[in-house]
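Chains A and B are the protein sequences, given in the same order. Sequential numbering of the first sequence, starting at 0, is according to numbering that gives the first Met the number 0. Sequential numbering of the second sequence, starting at 0, is according to numbering that gives the first Met the number 0. Cβ atoms here follow ideal geometry from the backbone N, Cα and C, with glycine treated the same way. Okay, structure first, notes after.
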Amino acid sequence: MSVTFLGMPADRPFPRNAARAVRDSQLRFNLRKATRTIRARRASVVAEAPDWAELREAGRAIKEHTLRNLDEYLVRLEESVTAAGGHVHWAADATEANRIVAGLVKATGETEVVKVKSMVTQEIGLNEALLEQGITAYETDLAELIVQLGDDRPSHILVPAIHRNRAEIREIFAEHMSGWGRPAPEDLTDEPAALAEAARLHLRERFLKTKVAISGANFAIAETGTLVVLESEGNGRMCLTLPRTLISVVGIEKVLPTWRDLEVFLQLLPRSSTGERMNPYTSMWTGAAEGQEFHLVLLDNGRTGVLADEVGRQALRCIRCSACLNVCPVYERVGGHSYGSVYPGPIGAILTPQLRGMGSELDRSLPYASSLCGACYEVCPVAIDIPSVLVDLRSRARHPWPERAGMAAAGWVLERSGRLARLQRAGARLRRLVPRRLPGPLGGWTDTRDLPEVPKESFRDWWDRTDGGRR
Amino acid sequence: MRVALFVTCVNDTLFPDTGRAVVRLLRRLGVEVDFPRAQTCCGQMHANTGYRDEAVRLARRSVAALRGYDAVVVPSGSCAAMIREQYPKLAGSSGPFADAVAQVVPKTYELTEFLIDVLGTTDVGAYFPHRVTYHPTCHSLRGIHLGDRPLTLLRQVKGLELVPLPGAEECCGFGGTFALKNADASAAMCADKVRAVLDTGAEVLCAADNSCLMHIGGMLGRQKSGVRVTHLAEILCSTETAGVR
Ligand code: SF4
């Protein structure tokens, strides 16, 4: 059986990653500022769309229908792409996808490729796999560029460098740009405009000389064979039009049945994601243009397994808008790296353990990386009930034995009201002995919070003694 | 009307004042309340931590104790959400358990829903001369959609000065066993909530859920802030002549 690789090491459980992250005050400041700004923007543009609830329901329904008939729509997509002059490849897992892409690049004789920001290629660790074959992949999305130059990992779906502030970005540009192409100007400041200009000059050179591009896609339309990428900077458009060979790696869940379906998502996505009414750069391509070559690699990498799960399969509806991350109180405090996968935040907490399985400590801890506050479900444009999936995954995780023992004991007490009453009376008698600090794994609570005082009498005993307050 | 109080295990064991306040309040409004003795716990902690079998057992017990009444009143948004949202999923589509759940769920009300939607009252004749701020709690807000019912009731309380809580809709970080399993993230969330509460200058923080109040109150207490936490029912129960106790 192949192991699903999600581009990041799965070593430590989430709470340990989180504990380290919450102590990084700079990180918390950066995250708080960024998520709050974008959260407010999303809320205001969603509020002004009078038919948002209907749009959301339409988005949910289209995705649901497509997933139920995925086999059919994928075959149709292959036919349409092939008819339009493109080549379709099927990849069962990361290794296979990387081998296909590396082979395609080698066939062009090139050793350099430009990339549009793409989560799925991060998921399969494509850049690293290409490097092993002597091919260098250059990220062209501004935030991805920052991450790549800083030898870092993305920490957000939409804003991969959300954990960096502009002073840090200036550092990274000044120090590392020269190693990847045109160096940063000598007098680079941390003004956003200056940083953007440095990136623009650096990237422009790259675009003009690179002949192979690799992209993901937000949507793939079965009816016409059209692929769609939404981005904000125009770098994507450069990658998608200039090079002679374009290779798109796309997860099989990205397919939409018809051209008309796109209308719904072109409204849902920008408002949910960047908080804009309309997306700045929407690029679409169907097959190959004259003198160019187009390859579509359709990737499974654990997705059909997720599809088989009745509760969990709704995670495949995700359109990667990042609204759930931006509203998540846990993500806001612990940042994306704590989730140990390219998919952080609430969607990551349900998608990663489904794709990768719950073999590692980290993956078993991810379904618990939520207070079940429900904010993610409320904002999700395709109505993924993330809290319910979390609870379902929790019921399937292997639990540590002390917890199992505690839960069994609590269950035993609560199963009979007489047992509960006896325990309450024992507690009331020993109330002065309740310690201020709890031992072991429970100590996390009492490090920062007082325990409530145990009352002299439970409600149930009061009710009996006073005949429900009548005596 | 035969009304059952589902007091919840947390209130029963740690916050009996809240249960007493509900009984007195409802009686003052002319409602006779019964306390079905066999009740213990809705099973939320087990369900949400991934112990489905135990949760099903507790859910069966709860609906057995609560069926047969015209209404069930729950002074907890999150336990009401457990019954209404999760019981149908735990019970499945058919069988005696599913039937019992189908009987109980439509008659289950969180306290403020019962007051406003069933009794049709927004002024319960309460008197509480304090500066109060209200935290809506996630399950009250997004689980059972209480909306502004609690605020509507609080606005009618004589002597009460209601001050808005900044960032009210944000989670306080309790989340049941989340506060234990992810203590650091939880404490960071709670710290922000505490700061927001202190910013209001309120003397009292109230909510429709004692578990969240226990969490926020635990940090307010550790910081010796002087701000008290109180369940909404206790405020609604207070009158000029009688205190809560
Ligand atoms: S789960 Fe929903 S809100 Fe989160 S990224 Fe996916 S589509 Fe957006």
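For M81/B, the closest alpha carbon among the candidates R130/B, Y68/B, D69/B and R59/B is that of R59/B. Leaving aside the five residues that flank R270/A on each side, the residues in its chain whose CB is nearer than 6 Å to its CB run, in chain order, V44 and V45.
In this structure, S154/A has its beta carbon at no less than 7 Å from each heavy atom of the ligand SF4. Along the region 270–348 of chain A, the beta strand (DSSP E) occurs as fully enclosed runs of 3 or more residues at 280–285 and 292–298, listed in sequence order. For the set H138/B, T107/B, A90/B and P149/B, the Cα lying nearest the Cα of A70/B is the one of T107/B. For the region 170–187 of chain B, the residues whose beta carbon sits under 9 Å from a beta carbon of chain A are, in order, C170, C171, G172, F173, G174, G175, T176, F177, A178, L179, K180, N181, A182, D183, A184, S185, A186 and A187. In the structure shown, R130/B falls within a strand segment according to DSSP collapsed to helix, strand and coil. For R319/A, the distance from the CB to the nearest heavy atom of the ligand SF4 is below 7 Å. The residues E202 and V203, in chain order, have a CB closer than 6 Å to that of H129/B in the same chain once the five nearest residues on each side in sequence are set aside. At a cut-off of 8 Å, the C-beta of F28/A has no neighbouring C-beta in chain B. Relative to R36/B, the option among S61/B, V22/B and R27/B whose CA is nearest is S61/B. Chain A has no Cβ within less than 8 Å of the Cβ of G29/B. Against chain A, a Cβ distance below 9 Å from R60/B picks out L413, E414, R415 and S416. If you draw a 10 Å sphere on the C-beta of M277/A, you find fewer than 16 other C-beta atoms in it, and that means exposed.
At least one beta carbon of chain A lies nearer than 8 Å to the beta carbon of G217/B. Restricting attention to beta strand (DSSP E) runs no shorter than 3 residues, the region 198–268 of chain A encloses them at 211–214, 218–220, 225–230 and 244–250, ordered along the chain. Membership of E111/A in the beta strand (DSSP E) is indicated by the continuous run E111 to K114. Cβ contact annotation for T132/B (same chain, cutoff 8 Å, sequence separation greater than five): L161, V162, P163, L164, V196, T199, A201, V203, L204 and C205, in chain order.
Assignment of alpha helix (DSSP H) within the region 107–151 of chain B, counting only whole runs of 4 or more residues, yields no such run.
Our two residues, N97/A and V104/A, have alpha carbons roughly 11 Å apart in a direct line. If you draw a 10 Å sphere on the C-beta of G347/A, you find 16 or more other C-beta atoms in it, and that means buried. Taking a cut-off of 8 Å on C-beta distances, the region 51–64 of chain A does not touch the region 350–366 of chain A, as fewer than three cross pairs fall below it. Within the region 346–401 of chain A, the runs of alpha helix (DSSP H) that reach at least 4 residues and sit entirely inside it are, in chain order, 360–364, 374–378 and 385–395.
Note that the region 204–213 of chain A touches the region 241–260 of chain A; at least 3 beta-carbon pairs, one per stretch, sit closer than 8 Å. Taking a C-beta cut-off of 7 Å against chain A, the contacting residues of the region 2–25 of chain B are V6, C8, N10, D11, T12, L13, P15, G18, R19, V22 and R23, listed in chain order.
G335/A and D150/A have their C-alpha atoms spaced approximately 16 Å apart. Proximity of the beta carbon of C379/A to the ligand SF4 is indicated: a heavy atom of the ligand is located closer than 7 Å. Within the region 39–56 of chain B, contact with chain A at the beta-carbon level (separation under 9 Å) is assigned to T39, C40, G42, M44, H45, A46, N47, T48, G49, Y50, R51, D52, E53, A54 and R56. In the DSSP assignment, K157/B forms a beta bridge with Y126/B. Annotation for A52/A: the continuous alpha helix (DSSP H) segment containing it runs W51 to R67. Secondary structure note for W179/A: it is in no alpha helix (DSSP H), with a DSSP letter that is neither H nor E.
Per DSSP, E53/B lies in no beta strand (DSSP E); the unbroken alpha helix (DSSP H) holding it starts and ends at R51 to L65. Against chain B, the CB of C379/A has no partner CB under 8 Å away; the residue lies outside that interface. For Y86/B, there is no enclosing beta strand (DSSP E); the enclosing alpha helix (DSSP H) has its first and last residue at Y86 to A90. Taking a contact to require three or more Cβ pairs closer than 8 Å, the region 380–388 of chain A and the region 20–34 of chain B do not qualify as touching. Remark: the C-beta of P345/A is in contact range of the ligand SF4, defined as less than 7 Å to any heavy atom.
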